[in-house]
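Visitor: Residue numbers (the numbering used here): 3 to 144.
Each residue gets a CB set at the ideal place from its N, CA and C atoms; glycine is no exception.
For clarity, every value in this text was computed on a predicted model and none was experimentally measured.
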């Protein structure tokens with residue numbers, strides 16, 4: 003969602019991640035020849051970690067599947083907080099900057115809704131889409 007030109011490459015989002023994978027993410031990444039990159043945790047497939055880092059983070063701190071990364075990674079630092087709805091994750095050092103990128107936020111919210119739709123279809127996880135859309139609008143209009 004947010005152009006990688008803004009990223010500080012601090013890799014905070016790639017450490018100790020439990021990024022949920024959609025079945026379409028798994029299919030897309032598997033089609034690229036990767037295997038054994040996910041595990042089942044609490045009923046969801048999530049990215050595996052090696053020594054606390056995402057399995058796809060190379061020694062230079064780059065994502066080796068950046069063009070094919072999971073949808074959840076694409077929308078980060080936009081996240082869904084179950085209590086507060088859509089928000090920018092304060093764990094990302096650029097979250098305060100990203101709130102100014104209204105066009106990117108709008109596109110990110112569209113992708114977050116898509117993510118939640120697929121999550122519902124893949125895992126039976128439900129979320130109040132109207133609340134999600136409303137909190138997205140609040141975030142965009144800040």
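Who are residue 77's beta bridge partners in DSSP?
Guide: By 1-based counting over the chain shown, the position of residue 77 is 75. For residue 77, which the question treats as bridged, DSSP gives no partner whatsoever.
Visitor: Taking 6 Å as the limit between beta carbons, can you name the residues of its chain near residue 44, skipping five residues before and five after?
Guide: Start at 1 with the first residue of the chain shown, and residue 44 comes out as number 42. So no residue of the chain qualifies.
Visitor: For residue 24 and residue 124, which I take to be in contact (beta-carbon distance under 8 Å), what is that distance rounded to the nearest angstrom?
Guide: For the purposes of this step, residue 24 is taken as residue 22 along the chain shown, with counting starting at 1. For the purposes of this step, residue 124 is taken as residue 122 along the chain shown, with counting starting at 1. Correct: roughly 6 Å between the Cβ atoms.
Visitor: For residue 41, report the span of its beta strand (DSSP E) as first-last.
Guide: Numbered from 1 along the chain shown, position 39 holds the residue referred to as residue 41. Counting along the chain, the beta strand (DSSP E) containing residue 41 begins and ends at 40-43.
Visitor: Cβ atoms of residue 74 and residue 21: under 8 Å apart, would you say?
Guide: Within the chain shown, the letter at position 19 stands for residue 21. Within the chain shown, the letter at position 72 stands for residue 74. Result yes, Cβ atoms of residue 21 and residue 74 sit closer than 8 Å.
Visitor: Measure the CB-CB distance between residue 14 and residue 68 and report whether it falls below 8 Å.
Guide: Along the chain shown, one-based indexing puts residue 14 at 12. Along the chain shown, one-based indexing puts residue 68 at 66. No, the pair does not count as a contact, with Cβ atoms beyond the cut-off.
Visitor: Taking residue 143 as the reference, give the member of 70, 111, 120, 96 with the closest Cα.
Guide: Along the chain shown, one-based indexing puts residue 143 at 141. Residue 111 is the option with its Cα nearest to residue 143.
Visitor: If I'm right that residue 120 touches residue 26 with Cβ under 8 Å, what's the distance once you round it to whole angstroms?
Guide: Indexing the chain shown from 1 puts residue 120 at position 118. Indexing the chain shown from 1 puts residue 26 at position 24. Yes, they are in contact, since the Cβ atoms of residue 120 and residue 26 sit about 6 Å apart, within 8 Å.
Visitor: Under 8 Å Cβ to Cβ from residue 154, same chain only, skipping five residues before and after it: list those, please.
Guide: A question about residue 154 goes unanswered here, because the residues of the chain that appear run from 3 up to 144.
Visitor: Rounded C-beta distance between residue 91 and residue 78? I'm assuming under 8 Å.
Guide: As a working note, residue 91 is residue 89 in the chain shown. As a working note, residue 78 is residue 76 in the chain shown. With a Cβ gap of about 7 Å, residue 91 and residue 78 count as contacting.
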